[in-house]
Amino acid sequence: MRNRLIAVTSIVVLLIIGSFSLVKGQIGGSTATFSNSTIKVGSSGNDVYELQGRLTYLGYYNGKIDGIFGTKTKGAVTWFQWKFGLKSDGVVGAGTKKKLVAASKEWKPGTTVAESTKAPAKGGKKGSTLAKSNRHGLTENDLQIMANAVYGEARGEPYEGQVAVAAVILNRVKSQSFPNTVYGVIFQPRAFTAVADGQIYLTPNAKAREAVEDALNGWDPSGGCLYYFNPDTATSAWIWTRTQIKTIGKHIFCM
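Numbering (our numbering), first residue to last: 766 to 1020.
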């Protein structure tokens, strides 16, 4: 009886050790793992550090890794979710954690951005490869989200107007008055209607991507503008106080 008890106990111990090893193997030997808590805007601590680290590793986040879940982190999460076929709500629950861990198996705390470019991530949608662009230091994801923004904001506008919208995004990135990243500019609260109404996640056409390419190559039909608006739909009184430079299609571009 005693020998049987010892045998059963040994089997249980081995099963526990095996399960632990399996979990560690599934996350590629990473030395940090998420807790069971849901992570969202306002969260802080180790889970957010890991979240930002993994998103940085994959190329979705290029902000400060400070353990504070703000709007920039939410933008990166939302973009990751959309790329991997998840609900794009910016809330990190069990499903998002599972996808994120699976996509960043080689991530370890302290992994640098340079190291992360060696590990491109592929999601459920075309164009997920995170190759580093040599234009303005932008990643493929930056170019993709710009195309999404152009399509969501200006797909009914003349081509010149679409290029102008892309140029405004780049002008904001270069301006000290705005975030200095494409993600930061596009997902800045109340900055773009397409983000607010979800059209940012529509699949852009080839013309939107071409408009981004032309803006990157130096064409700025807006003349250096930082703002634009549709006078037929604008609800902000403030936007009318800006110096208007030109009208392209239905959009007025201003400083």
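All residues carry an ideal CB built from backbone N, CA and C; glycine is no exception. Here the structure is a predicted model, which is why all the values come from computation and not from measurement.
query                                                                                                                                                                       : result
Counting only the same chain and skipping the five closest in sequence on each side, list residues whose C-beta sits under 8 Å from that of glycine 783.                    : Since pLDDT at glycine 783 reaches only 48, below the 50 mark, its modelled position is unreliable, and no value is offered.
Counting Cβ pairs closer than 8 Å, one from the region 928 to 937 and one from the region 995 to 1006, do we hit at least three?                                            : no
State the Cα-Cα distance for the pair serine 898 and isoleucine 1013, rounded to the nearest angstrom.                                                                      : At serine 898, the pLDDT of 40 sits below 50, so the modelled position is not reliable and the matter cannot be decided from this model.
Can you tell me whether proline 954 is buried or exposed? The criterion is at least 16 other CB atoms within 10 Å of its CB, across all chains shown.                       : exposed
Just verifying my parser: in three-state terms, what is the DSSP assignment at glutamine 1009?                                                                              : strand
Do tryptophan 984 and valine 947 count as a contact pair if the criterion is CB distance below 8 Å?                                                                         : no
Could you tell me if asparagine 970 is buried or exposed, where buried requires 16 or more neighbouring beta carbons within 10 angstroms of its beta carbon?                : exposed
Among the candidates Ala859, Val977 and Gln909, whose CA atom is the shortest distance from the CA of leucine 967?                                                          : Gln909
How about the region 913 to 930 and the region 802 to 812: do they share at least three Cβ pairs that are nearer than 8 Å?                                                  : no
Taking all protein chains shown into account, decide if aspartate 831 is buried (16 or more other Cβ within 10 angstroms of its Cβ) or exposed.                             : exposed
Quick check on the DSSP output: the alpha helix (DSSP H) that includes isoleucine 804 runs from which residue to which?                                                     : Neither: isoleucine 804 is in no alpha helix (DSSP H) and is coded neither H nor E.
Spatial neighbours of aspartate 979 within its chain, please: CB distance less than 8 Å, with the 5 preceding and 5 following residues excluded, ordered by chain position. : Val928 and Ala931
Among residues of its own chain, excluding the 5 on either side of glutamine 964, which ones have a beta-carbon nearer than 6 Å to its beta-carbon?                         : Gly917
Which complete alpha helix (DSSP H) runs does the region 956 to 993 hold, if anything under 4 residues is left out?                                                         : 958 to 962 and 971 to 981
In angstroms with no decimal places, state the Cα-to-Cα distance between cysteine 990 and phenylalanine 849.                                                                : 34 Å
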